[in-house]
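Using our numbering, you'd call the opening residue of the sequence shown number 29 and step up by one each time.
For glycine and all other residues, C-beta sits at the position ideal for the given N, C-alpha and C.
One structure is given below, encoded as structure tokens.
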Amino acid sequence: MAYGDPTKAGENAALAFRPELTQDEFDREFFGQILLRGDGNSDVLRRQAELLSRFGDYNAALRLDLILADRFSGEPVVHYNLACSLSMTGQLANAVDSLAKAIELGYDDFGHIESDPDLDPLRDLPEFQNLIPQIC
């Protein structure tokens with residue numbers, strides 16, 4: 029949804045206030061508008077990828093996670109989030125590779141790996157099972 033010229037907030041106040049939106053819904057629209065303007069701010073990318081995933085738009089989240097993985101190739105959480113997006117879009121082999129990279133880089137929230145529903149599509153794969161000794 030476009031809110032018009034952001035410099036004219038007073039004129040657009042009625043458009044911006046939408047009480048039916050939850051905070052996450054508002055944030056998703058707000059950050060989406062920022063990204064449409066060409067702002068590649070990494071914090072905005074991270075938050076929007078998280079929100080898109082939460083709302084089930086895994087393909088859009090994946091596009092942002094790929095950008096983040098390119099920018100922050102050494103960050104384990106970035107690769108973990110990428111693994112989740114890949115898993116939820118059916119790219120299972122790439123998801124396992126990204127999860128392995130996250131662990132290699134130091135991702136160590138193994139309880140989260142065990143309980144994260146985004147990784148459920150991977151759990152029966154031998155490649156995922158081979159990661160289990162690494163995380164125990």
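Tell me whether the region 103-117 and the region 125-140 touch, counting them as touching only if at least three CB pairs, one residue from each stretch, are closer than 8 Å. Between the region 103-117 and the region 125-140 there are three or more C-beta pairs closer than 8 Å, enough to call the two in contact.
What's the C-alpha gap between Gln157 and Ala128? 11 Å
Which full runs of the alpha helix (DSSP H) of 4+ residues lie inside the region 87-140, going along the chain? Taken in chain order, the unbroken stretches of alpha helix (DSSP H) that lie wholly in the region 87-140 and span 4 residues or more are 104-116, 120-132.
8 Å Cβ shell around Leu159 - same chain, five flanking residues per side excluded: Sequence-distant Cβ neighbours of Leu159 in its own chain, meaning closer than 8 Å and more than five residues away, are Val124, Leu127, Ala128, Ile131.
N-terminal and C-terminal residue of the alpha helix (DSSP H) that Asp71 is part of: Membership of Asp71 in the alpha helix (DSSP H) is indicated by the continuous run 70-82.
Do you know offhand how far Asp52's Cα is from Leu92's? 17 Å
Per-residue burial, Arg56 [other beta carbons within 10 Å of its own, 16 or more giving buried]: It is buried - the Cβ of Arg56 has at least 16 other Cβ atoms within 10 Å.
Given a cut-off of 8 Å on the beta-carbon distance, is the pair Leu150 and Ser115 in contact? yes
CA-to-CA distance, Arg74 to Ala97, given in whole angstroms: 11 Å
Whose CA, out of Arg46, Gly84, Gly60, lies closest to the CA of Cys112? That would be Gly84, whose Cα lies nearest to the Cα of Cys112.
If you draw a straight line from the C-alpha of Thr117 to the C-alpha of Asp148, how long is it? 12 Å
Measure the alpha-carbon distance for Gly60 versus Ala121 and round it to whole angstroms. Whole-angstrom Cα-Cα distance: 29 Å.
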